[in-house]
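What follows is a single structure, written as structure tokens, with notes after it.
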Amino acid sequence: MNNTYNFKNDTPLSVRKKQVEIIQAKTNEEKLKLTAQIVDFCYEQTMTLLKKQLGTNDPATLKAAFVETVYKDDFSKEEMKRIRIFFTGDR
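Residue numbers (numbering that gives the first Met the number 0): 0 to 90.
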């Protein structure tokens, strides 16, 4: 099993294989629902962390910070500046 993100995986291989077996047995609808739940969980965790780090609950600032956090390697500094302006109106 690949470890795409190069993190330490302390789950035994036999357990990981069982997890894959369980997931593969689900219907496509169940898989989609599970995926959406995981995405929602990750979004909420990231937003909670950003609120603590930035000390703000301002939605525009948090949205801009979220994009900067998640997509920092996908956009140039100039593009990130335009994205921040889009969300916050800051110049």
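For glycine and all other residues, C-beta sits at the position ideal for the given N, C-alpha and C.
Just so we're clear, the structure is a prediction, and the values are computed from it rather than from any experiment.
Three-state class that DSSP yields for residue i in the structure shown
| i | result |
| --- | --- |
| Y42 | helix |
| K7 | coil |
| S13 | helix |
| F74 | coil |
| T55 | coil |
Enclosing alpha helix (DSSP H) for residue i [first to last residue]
| i | result |
| --- | --- |
| P58 | P58 to V69 |
| K25 | It is not in any alpha helix (DSSP H) - K25 carries neither H nor E in the DSSP assignment. |
Contacting residues, own chain, Cβ-Cβ under 8 Å from residue i (five flanking each side not counted)
| i | result |
| --- | --- |
| K50 | N56 and L61 |
| K94 | Outside the displayed span of the chain (0 to 90) sits residue 94, for which this structure offers no information. |
| K30 | I22 |
Residue j beta carbon less than 7 Å from that of residue i
| i | j | result |
| --- | --- | --- |
| A59 | F86 | yes |
Near the ligand ADP: residue i beta-carbon under 6 Å from a heavy atom
| i | result |
| --- | --- |
| E28 | Within the structure as shown, the ligand ADP is missing, as the structure has no ligands at all. |
Within-7 Å CB hit, residue i to chain D
| i | result |
| --- | --- |
| T87 | Absent from the structure: chain D. Only one protein chain is present. |
Other residues of its chain near residue i: CB distance less than 6 Å, five sequence neighbours each side excluded
| i | result |
| --- | --- |
| I82 | V66 |
Neighbourhood of residue i by C-beta, 7 Å cutoff - its chain only, sequence neighbours within 5 removed
| i | result |
| --- | --- |
| K89 | Note on identity: in this sequence residue 89 is Asp, with Lys being the wrong assignment. The answer, listed in chain order, is R83. |
(message) If contact is defined by three or more beta carbon pairs under 8 Å, each pair taking one atom from either stretch, is the region 40 to 48 in contact with the region 63 to 72?
(response) yes
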